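Residue numbers (this note's numbering), protein chains in the order written: chain A, 1 to 314; chain B, 315 to 1288; chain C, 1289 to 1532. Every residue gets a Cβ at the ideal spot worked out from N, C-alpha and C, and that includes glycine. Since the model is a prediction, treat every value here as computed from it, not as a measurement.
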Amino acid sequence: MRPAFSVIFLTTLIGAGQGLFIALYMAELGALLGLWTMPPGLYFALGCVLSLAFLAAGLLASFFHLGRPERAWRSAAMWRTSWLSREVIALPAFMAAVAAFGLAHYLRGAASLTLALGAAGLTLALLLFICTGMIYACIQFLQEWHTPLTVINYTLFGCASGFLLGTAWAAAQAPALIGVSALWTAGFTLCALLTRLASLARNARIRPKSTIQTAIGVKHPRIAQKSEGFMGGSFNTREFFHARSFAWLRGVKWTFLLLVFPLPLALLAAGAAYASWPLLAAAFALQYLGLLAERWYFFAQARHPQNLYYQAIS
Amino acid sequence: MTQTAPAELSVPVEVKHTTCYMCACRCGIRVHLRGGQVRYIDGNPEHPLNQGVICAKGSSGIMKQYSPARLTKPLARKPGSARGDNQFVEISWDESLRILHERLARIRSSDPKKFALFTGRDQMQALTGLFARQFGTPNYAAHGGFCSVNMAAGMIYTIGGSFWEFGGPDLERSKLFVMIGTAEDHHSNPLKIAISKFKRSGGRFISINPVRTGYSAIADEWVPIKPGTDGALLLALTHEIIHTGLYDREFLARYTNAGYLINLDPKSDAYGMPVHDASRHEEIPEYPRNMLWWNRLTEQPAPCHAPEADPYLLGQFRLADDTPVKPAFQLLMERVKDYTPEWAEGITGIPAATIRRLAHEMGVTARDQKIELPIAWTDSWGTEHDSVTGNPVSFHAMRGLAAHSNGFQTIRALAILMSILGTIDRPGGFRHKAPFPRGIPPMAKTPKGPEGVRPDTPLAGLALGWPGTPDDLFIDADNQPVRIDKAFSWEYPLSVHGLMHNVITNAWRGDPYRIDTLMIFMANMAWNSSMNTMEVRRMLNDRDSDGEYKIPFIVVCDAFQSEMTAFADLILPDTTYLERHDVMSMLDRPISEFEGPVDAVRVPVLPPTGQCKPFQEVLIELAGRLKFPAFVNADGSRKYRDYPDFITNYETEPGSGIGFLAGWRGKGGEKFMQGEPNPRQWEMYAKNNCVFQFKLPPSYQYMRNWNRGYHEWAQRARLRRHADPIVIQIYSEVLQKFRMAAQGRGPAKRRPPAHLAQRIETYFDPLPFYCEPLEAQATDAHKYPLNAITQRPMAMYHSWDSQNAWLRQIHAHNYLFVNPIVARSQGIADDDWIWVESMWGKVRCMARYSEAVEPGTVWTWNAIGKAPGAWNLAPGANEAELGFLLNHLISEELPHPSPSGKGLGGAGAPGDERISNSDPVTGQAGWYDVRVRIYKAGAHEAQQSSPQVAAVSALPGMQSVRKTWLAFVAGKKK
Amino acid sequence: MSKQLALVIDLNVCVGCHACVTSCKEWNTSGAAGYMSDDNPYARDPTGTFFNRVQTFEVGEYPNTQTVHFPKSCLHCEDPPCVPVCPTGASYKRAEDGIVLVDYDKCIGCKYCSWACPYGAREVDEHQKVMKKCTLCVDRIYDESLPSADRKPACVMACPTSARLFGDVHDAESAVSRAIRDSGGYALMPEWGTHPANHYLPRRKTEITLHRDELERVDNPLKIDGKLPKPDLRAPSLDDSTSW
Ligand SMILES: Nc1nc2c(c(=O)[nH]1)N[C@H]1C(S)=C(S)[C@@H](COP(=O)(O)OP(=O)(O)OC[C@H]3O[C@@H](n4cnc5c(=O)[nH]c(N)nc54)[C@H](O)[C@@H]3O)O[C@H]1N2
Ligand SMILES: Nc1nc2c(c(=O)[nH]1)N[C@H]1C(S)=C(S)[C@@H](COP(=O)(O)OP(=O)(O)OC[C@H]3O[C@@H](n4cnc5c(=O)[nH]c(N)nc54)[C@H](O)[C@@H]3O)O[C@H]1N2
Ligand code: SF4
Ligand code: SF4
Ligand code: SF4
Ligand code: SF4
Ligand code: SF4
Ligand SMILES: [Mo]
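Take a look at the structure:
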């Protein structure tokens, strides 16, 4: 697939926003459970604003993906069948929950209220992760995507980046939480590393179910396309090909593996040790860049069977 | 889909019928107009040709009509600018016509041959030819001259008809269909319709072609062959069929000259000629019928075709005067004796076993699957037949055979193979289309010498004709050609369509003479229809020491800014096919079907764009101003108001009743073929789908070479003067006459010049033989091991569709297709930039691997490469940047004698070191003879095709700013 | 079972002429599914919206090569993966005849449906910014103002080899169903369970088997023509020189 930048930004931004919210909610839950002292209301309220900023930025990015953004409202219609539709519903619902949760904290609402709103937010965040992940995972013939790992990875990346952001946020607003937050971050990041490595390993071994033989229905071991029917390109040659070399792809893979996992973890350790929010913010920034690369790679690695039909001009 | 329909969809659509001209096939179309714009063009279901279907080009007519490359104004070369600079100023039609009139009148009253009119894919040769003839110039030819004259001549000199637009395979009844060297052809949609029906009804389809694309793709068997070697294959097939006794004896005996006795007395002045029985009176001296058979039933000579006789086809006999004779078929058998399948395998690359099997398939199918139709008919000798029988083996062949310099004899071999299988004008085999069959050769003749060209006088004959003996050549007392292209000279005696590919070179060199004005209509002779394109472009601009252009004045009539327009002094903007009247006439090459004559018209469905004017109107206007006899009344006043008026009222001779159109003649439209002019003829055509079809009674539909009923009908309909049988020339008397002249004997008064005698003697063999194409003979095959050929893409017509926004998306540029074995041996990867080099030049292009090409062959789509800026394409367009033209590699001339010293025949005339790269019999351009080598382009070289020519810019009257995107919706308010 | 209209494409006769490509464009660009824009129409790399493309494949190695021309448009899947994913409902499959359509008025151009089509049969129009695809010429086949013979898709009407059959594949007696049954019609990429309504008919080969005796028959004309010339009766023979 050709990586779609608006979608890459959408998924990475809202993922971080979702993760951050979960981190905030965990902070409240832990505090209520007495694991640590309750951070100040502003930590939550401004944290929610931060989360919302990410979510809104993601939403904005998504508009750039649309040919007819003015009709975006229509996209909620098909929630019964379309994960995209569901995402379109879940995202604003989640944003509303985040806003409510933040507001409740800002207004020093009762714990039961914030707890309930947070629980709703958490549920919606998880739902949103699922919806977003399923948008990709549900397309069965995009075999690289058609696995629970797609949803899991996406969720873990969102949590990892969100918690990393949360750690930096804690460093600024609630230093008591740095340690535990860093631990959670590291945990999510390591889990993400494991599941992402699993998906890389899986994808490396995928034998495409569709072949040129099934594509045109001719059973012969040697088939080569000579003409795709046009010469100046088409939507089909633009949308589904990354048009990059293998070396470039490999470069991107190593880049994201470095940027998403070891480098931020190292910075995380340092930032947590020195309780330095700039270091932690840098860790987040690095990881975010890495996640952009990861999403790019996620797209690029997916081999769309339609490409079997678009291989040669003459 | 939009639920709320855009407003323009509700505007009513009006449907008009006319005839397509996105190619020469001439399908009937329905043009759907909305708000005055073309909304849709589809096939006319009522049309006999295409029966409702349409092709990729036909469906893209909209983009032709609204193309930004259209010329819309008459233009004159800007004063002071040099030719080829592409600097033009608008002028009025009045002024254009005044210039033309003045110039042409001057030429006509001094030396008419200094005016040359050459036309390309023209479907109005009847008019352009008439214009030239009335002008008095011999220098006229249409596209046949660079197209497929071998196909026409090779078959017409043998069976009186041909493929191409003259006849074709009866696939409705055929069981085995062999297609040779055809990619698309003129009968485009009908052939596709027929092949698919044929395949669906279980017919077996074999394609013989170095390349497997298009039609060959759906063949049951593809037989790859080395280009230029079909003669060897066909002769080996003939060998095998004769030697296994699979020939149709009865057909050969009755309907061909296979049983004619040939004089084999080397001392006789008639050596090699059929023996004529002088005691029998000849009604028609041009078509003698007094030959002899050796009657098997009496063991005596007998008049040929005597109903009570049966000739020996084999054997040797002595006449009463002791003259040794053999039946022609015996000579054919002897000729093919050594042409064994094993011999052919070495030449064609086709395994001998395959050749044998093909021969057996043909022979056995022809013999055992006989068709018998309950149709009674009478043959020319009076024998009545209760049924029409046929052998269901059919062939189709085109330029894969024709476009080689050995093509004439190859095509003779094919016609003979078809004849020995007994498949001429019979069900399931080859069928003629009116006005064919013609006499062998057809009667039309050119003048025989320079005296036929006189000031202010129409040409004393036709500009193109069918020589029957050397005395029919169009040469002067010194054996020099009268025509600028040297057609009908000793160099190319049977060049019945002219030699378009030599016109510019000859005119530039002044060999045989200089001309003054070259008028080109609908031909892109500065590009894809010239060989040696770069040099030809230089010649067009070349000047004498006195500064005068070597070709002083060039007029181009085109509908688009082609590569040719830049070389014009005067550009005449033609209309498109949707904007004009046109006639597909019986006097030209109509669209007849097997069942009988069909002709067709175009009627305008849209008004002309800008100041476009139909070229016909220009010709009618000039003919009137120049006072051509056929175009003025006795009082000198103009006879025809305009082209439609001309078509309605013109008769070949006053009162002949023969005009351009055969339908709805007679005062009230009650007559056909012949009849007085009908003032409402156009209307009647328009009402009848723009097509007139005459269906012959079934008894006249077959065996037309020898069908008395048909001949009498054809004579009454004035299709032919005579009603004599047209006997298939297994052994060609015409060729033998030329050969005898070269041997210094025979009745012909003319003798070839010494330097051409051997060439004539070699190539005018009355029996088919195989030799390599001339270029191969002259090439070092080790240095240039590959044959390079082109093919027609189905979705493009020659050069003229690159301006079409839809079609150019399908073929934006071209590749050289190479078998991977060959490419890899040169270190060439798929997609690599490579050089293709011939003896004459080189081009840089991209390679594309293909398993569907014979390894000794490389090929590309024809005429996709374009000059930058031509066709109003933007700089950097694929056609110019990545596309290439194979023509750069092909030479219009070959060294004479050849450097290898072998083959080309005879020593060079003093001072004459070149001869056209053409078939020595017909002057057919040897497009597919070029030999090349390929190698990888250097890593540092530009990734751009080469050679490149200077870019041209849009002409006045054209859209100078090109749209960056289109969203065509017919009838949308602008 | 309800109707399922579809195309059946006979690869046995398709010569790759592209008539179906441009006739489709021509009909649809000025029709209800229009416009179909073209970028760089007269410049480098011209590219545009088409609902139907004809591709070429080479199968096998020289000299046993098959050249396969392969037209492809939306296959109107019975279980179209492109439909449920569409968030707006712009993509839908008609209950009455199984045609899969896009409602341009609803489409937001998110391209998701095209990702969900394994066949590459959808194209975003780069200027109208909505998803487009073959409509089975729904604006022709039911148009009562057209003569009934013309109520067929443009590409079907155009195809010179009648390689494109059109009809109801749910009607066992329709020409398309019969063609599928009798000629081994198959679906593309069956592995995805999309059940394309469009089918393809494979290449079929006609051969001739010859038996040896067919070359050696009694009516062989060589027997009549006498391969060997008869000697001159007057030439010397044993009769002249011996007596028994
Ligand atoms: N779409 C379309 N149709 C056209 C035209 C067009 O430009 N476009 N042009 C029209 C014109 S003017 C003409 S003359 C006709 C020509 O119609 P065709 O004769 O069908 O056209 P070509 O493309 O020249 O085809 C020549 C075929 O012969 C093969 N060939 C080449 N050399 C040999 C050989 O030595 N032996 C054999 N057996 N095969 C060989 C080539 O591979 C090719 O397939 O088409 C007409 N129809
Ligand atoms: N290498 C190679 N060269 C070849 C061939 C080949 O097979 N290989 N084939 C040869 C053959 S068979 C042929 S017939 C020739 C064809 O050669 P041409 O006849 O020269 O080729 P076209 O490209 O058809 O050019 C005809 C011109 O007609 C113009 N035209 C189109 N429609 C109209 C109209 O309505 N009115 C007017 N006035 N002009 C119009 C076009 O714009 C174009 O400039 O090419 C020959 N050249
Ligand atoms: S075959 Fe030629 S005449 Fe017929 S529709 Fe196509 S372009 Fe027109
Ligand atoms: S071919 Fe593609 S676009 Fe058409 S119905 Fe099937 S999945 Fe949908
Ligand atoms: S592009 Fe249009 S039709 Fe496709 S999924 Fe999006 S809204 Fe639906
Ligand atoms: S059915 Fe209509 S829309 Fe579909 S490919 Fe054919 S012409 Fe195009
Ligand atoms: S129109 Fe018919 S023959 Fe031509 S490419 Fe399309 S399906 Fe094949
Ligand atoms: Mo031609």
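Report yes or no: do the stretch 1007 to 1027 of chain B and the stretch 551 to 560 of chain B share at least 3 C-beta pairs separated by less than 8 Å? no
Using the three-state DSSP reduction, which class does B/F929 fall into: helix, strand or coil? helix
What residue range is occupied by the uninterrupted beta strand (DSSP E) comprising B/R1245? Counting along the chain, the beta strand (DSSP E) containing B/R1245 begins and ends at 1245 to 1250.
If C/V1309 sits next to B/A1281, beta carbons under 8 Å apart, how far is it from one beta carbon to the other, in whole angstroms? C/V1309 to B/A1281, Cβ: 18 Å. No contact.
In three-state DSSP terms, what is B/R353? strand
Using a Cβ-Cβ cutoff of less than 7 Å, which residues in the same chain neighbour B/L1023 once the five nearest sequence positions on both sides are dropped? Note that residue 1023 of chain B is Gly in the sequence shown, not Leu. Closer than 7 Å at Cβ, skipping near neighbours: W691, T692, S1013, Y1014.
Nearest-angstrom Cβ-Cβ length linking A/A57 and A/F63, presumed shorter than 8 Å: In fact, because the Cβ distance is near 11 Å, the residues do not count as touching under 8 Å.
By how many angstroms is the C-alpha of A/M134 removed from the C-alpha of A/T37? Computed Cα separation, rounded: 37 Å.
Just mark B/I598 as buried or exposed, buried being the case when its beta carbon has 16 or more other beta carbons within 10 Å. exposed
Residue span of the alpha helix (DSSP H) that contains B/W657, given as start and end: 655 to 662
The beta strand (DSSP E) with B/K1156 in it runs from where to where? 1156 to 1163
Have a look at B/R344, B/V352, B/A338 and flag the residue whose alpha-carbon is nearest the alpha-carbon of C/S1318. B/V352
So what does DSSP say about B/M848, is it helix, strand or coil? helix
Please return the same chain residues whose Cβ sits closer than 7 Å to the Cβ of C/C1447, not counting the five positions on each side in sequence. Result list for C/C1447: A1307, C1308, in chain order.
If we require 4 or more residues per run, which alpha helix (DSSP H) segments fall completely within the stretch 1405 to 1450 of chain C? 1426 to 1429, 1442 to 1446
Neighbourhood of B/G1225 by C-beta distance below 7 Å, restricted to the same chain and skipping five residues each side: Bear in mind that a pLDDT of 48 at B/G1225, under 50, signals an unreliable position, so the model cannot answer this.
Examine the Cβ distances between the stretch 1174 to 1185 of chain B and the stretch 1257 to 1276 of chain B and report whether three or more of them are shorter than 8 Å. yes
What separation, rounded to the nearest whole angstrom, lies between the Cα atoms of C/D1527 and C/D1520? 14 Å
So, at 8 Å on beta carbons, what are the nonlocal neighbours of B/M878 in its own chain, with the 5 sequence-adjacent residues on each side left out? I834, A837, N838, M839, A840, W841, V870, D872
In terms of alpha-carbon separation, which member of A/G251, A/A76, A/Q287 lies closest to A/A266? A/Q287
Name the two residues that bound the continuous beta strand (DSSP E) containing A/A224. 223 to 227
Tell me which same chain residues have a C-beta within less than 7 Å of the C-beta of B/I421, skipping the five on either side of it? K428, F429, D830, T831
What residues of chain B sit near A/G217, judged by a beta carbon separation below 7 Å? Ordered by position in chain B, no residue passes the 7 Å Cβ test against A/G217, which lies about 16 Å from the chain.
With distance defined between alpha-carbon atoms, name the residue in B/L886, B/G375, B/G357, B/G969 nearest to B/V367. B/G357
By the three-class DSSP mapping on this structure, what secondary structure does B/P320 have? Note: B/P320 maps to coil in three-state DSSP.
Cα-Cα separation between B/P462 and B/P452, rounded to whole angstroms: The amino acid occupying residue 462 of chain B in the given sequence is Ser; Pro does not appear at that position. Roughly 20 Å between the two C-alpha positions.
Could you tell me whether any non-hydrogen atom of ligand 7 is closer than 8 Å to the CB of C/R1452? yes
Closer than 8 Å to a non-hydrogen atom of ligand 8 - does that hold for the CB of B/F477? no
Determine, using beta carbons only, whether C/S1402 comes closer than 9 Å to chain B. Cβ-Cβ to chain B under 9 Å: no for C/S1402.
Count the other C-beta atoms from every protein chain shown that fall within 10 angstroms of the C-beta of C/D1461, then say buried if there are 16 or more, exposed otherwise. A small fix is needed here, since residue 1461 of chain C is Glu in this sequence, not Asp. With fewer than 16 Cβ atoms within 10 Å of its Cβ, C/E1461 is classed as exposed.
Give every residue of the same chain whose Cβ lies closer than 6 Å to the Cβ of B/C1159, excluding the five residues on either side of it in the sequence, and list them in chain order. L1130, F1198, S1259
How about A/A137: is its C-beta nearer than 9 Å to some C-beta of chain C? no
Beta-carbon proximity check, B/A1239 vs B/M814, cutoff 9 Å: Yes; because the gap between Cβ atoms is below 9 Å, this pair is in contact.
Counting contacts by CB-CB distance shorter than 9 Å, is B/F1282 in contact with chain F? Reference to chain F is not applicable here, since the protein chains of this structure are A, B and C.
Under 9 Å, do B/E1165 and C/E1366 count as touching if we go by C-beta distance? For B/E1165 and C/E1366, no; Cβs fall outside 9 Å.
8 Å Cβ cut-off: residues of chain A touching C/F1339: Going along chain A, no residue has its Cβ under 8 Å from C/F1339, so there is no contact; the nearest lies around 11 Å.
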